[in-house]
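Chains as they are written, first to last, in my numbering: chain Z, 756 to 844; chain P, 81 to 206; chain G, 1470 to 1633. We put the beta carbon where it would ideally sit given N, CA and C, even for glycine. From a predicted model like this one, the values you see are computed outputs, not experimental measurements.
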Amino acid sequence: MIQIALIFALGCFGLAILINLYKIITAPGIGDRILALDTLAINAIALITLYGILMETTMYFEASMIFAMTGFVATVSYTRFILRGDIIE
Amino acid sequence: MIIDILISAFLVVSGVFGLVGSIGLVKLPDPMMRLHAPTKATTLGVGGALLASLFYFYFVVGRFSWHELLITLFLFLTAPITGHFIAKVHIHRHERPDTLPPPGGARPWASFESDDARTRTEGHEL
Amino acid sequence: MLIRKILPHPYLTLMLVVVWQMLVNKLTLGNLVLGLVLGLIIPILTAPYWPNRPRLGSLPRIVEYMVIVLWDIVVANIQVALIILFKRNADIRPTWITVPLELHSPEAITVLAGTITMTPGTVSSDLSADGHSLLVHCLHAPDPDAVREQIKTRYERRLKEIFE
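Pasting the structure below:
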């Protein structure tokens, strides 16, 4: 049962990432594009975690943790750049 | 058996929320409305997936890992911050003081106050 | 006064030790000592960035607040998901509302803004330059005054008890 649920969740997040990629390409404004990138990073964390369950290994947690941190820093620096024209003042 | 049902429920619910967040990103018509979908639905989706992983490794594999809890906490703390920044980008690029409700004080919303004006009122540089 | 010099931010030290333990994922004496060393050194090195010590209220109040917010996050998500999936775009009524703040400490305002973003259909978008009101965007609010009232009574009152 867990296997079926796992495959379902993997499919959902995979589809979500495809939707995000589509949105990154077709986004009307820069804010939407940053939002789509941020969502993509969060969905990727979920996908890595689910893949870890599928493979029954805890090795991928470090990867998802680093993804979480870089995703956050990337989003903040994009927005800082647009708001202030500079990342570190 | 109960554990199996619990983990499966967490997985299915998280998958559905993750997908709904991304659908909202495409479906909703206005940039500020689009911000609502990923900040809430996707964060809960990832939280559900991480909790499912926590339960799976504890009850089925028999190894307890704190990392999922740490990632969940981190995501729940950072989601409002990224949301706030993206909202500020939208205000900066698409809104003017007269399209927003008045702040109710003497000074404007922080996005519309220039650096010079702030330095003058507060008496020091940022 | 000496203890204040060594431990400028006791909560930060505690948090660093706990997070370090969670990161290394194994509770041994060596890890605990290393965590303590980090927890003592980092607050001293970063002291210029933390000018004053926030005051915290009683622990039961904080726990109560966290439980309420977690519950609201789950409810909020179900509401937002239903709105996204089953409401036609023409029926959604997005609005901006202004929430006048009674809180003054920056920590309390930060927590309130974060809570607003995570809970039912609202995203905090901007703070007025003098820090006396918060700009909030609602996804679907036929009655903006009710939303403002809920934010003020449900979250702000509790935060006022915790922080001030």
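| query | result |
| --- | --- |
| Chain P contact residues for M1484 (chain G), given Cβ-Cβ distances below 7 Å | Simply none; closest approach about 11 Å. |
| Cβ-based burial, D1560 (chain G) [other Cβ within 10 Å; buried from 16] | exposed |
| Exposure of G807 (chain Z), with buried meaning 16 or more beta-carbon neighbours within 10 Å | buried |
| Same chain only: Cβ atoms within 6 Å of R1617 (chain G), ignoring 5 sequence neighbours per side | I1566 and V1568 |
| Host alpha helix (DSSP H) of H1573 (chain G) (start-end) | Note, H1573 (chain G): premise wrong, no alpha helix (DSSP H); not H, not E. |
| The segment 83 to 103 of chain P contacting the segment 112 to 127 of chain P, beta-carbon criterion three pairs below 8 Å | yes |
| Reduced DSSP secondary structure (H/G/I, E/B, other) of S832 (chain Z) | helix |
| CB contact check: S1593 (chain G) to chain P, cutoff 8 Å | yes |
| Cβ pair count under 8 Å reaching 3, the segment 1592 to 1605 of chain G against the segment 1486 to 1499 of chain G | no |
| Cβ separation of S133 (chain P) and A760 (chain Z), assumed to be a contact under 8 Å, to the nearest whole Å | That belief does not hold up - the Cβ atoms of S133 (chain P) and A760 (chain Z) are roughly 12 Å apart, past 8 Å. |
| C-beta neighbour in chain G for R187 (chain P), strict 8 Å | yes |
| Cβ pair R1522 (chain G), H1478 (chain G) closer than 8 Å | yes |
| Assigned secondary structure, I1566 (chain G) (DSSP; H/G/I helix, E/B strand, else coil) | strand |
| DSSP state of L1608 (chain G) mapped onto helix, strand, coil | coil |
| Rounded straight-line distance, which links the Cα of L1476 (chain G) to that of R1562 (chain G) | 50 Å |
| C-beta neighbour in chain P for L715 (chain Z), strict 8 Å | The requested residue 715 (chain Z) does not occur in the structure, where chain Z is confined to residues 756 to 844. |
| Local Cβ density within 10 Å of G184 (chain P), reported as buried at 16 or more and exposed below that | exposed |
| Proximity winner among Z:T804, Z:R788, Z:I772 and Z:I757, relative to I821 (chain Z) (alpha-carbon distances) | Z:T804 |
| Selection of the segment 119 to 130 of chain P by Cβ proximity to chain G, strictly under 8 Å | T119, K120, A121, T123 and L124 |
| Contacts that M1587 (chain G) makes with chain P (C-beta to C-beta distance below 8 Å) | T119, K120, T123, F156, A159 and P160 |
| Cβ neighbour criterion (16 or more within 10 Å) applied to S1602 (chain G) | buried |
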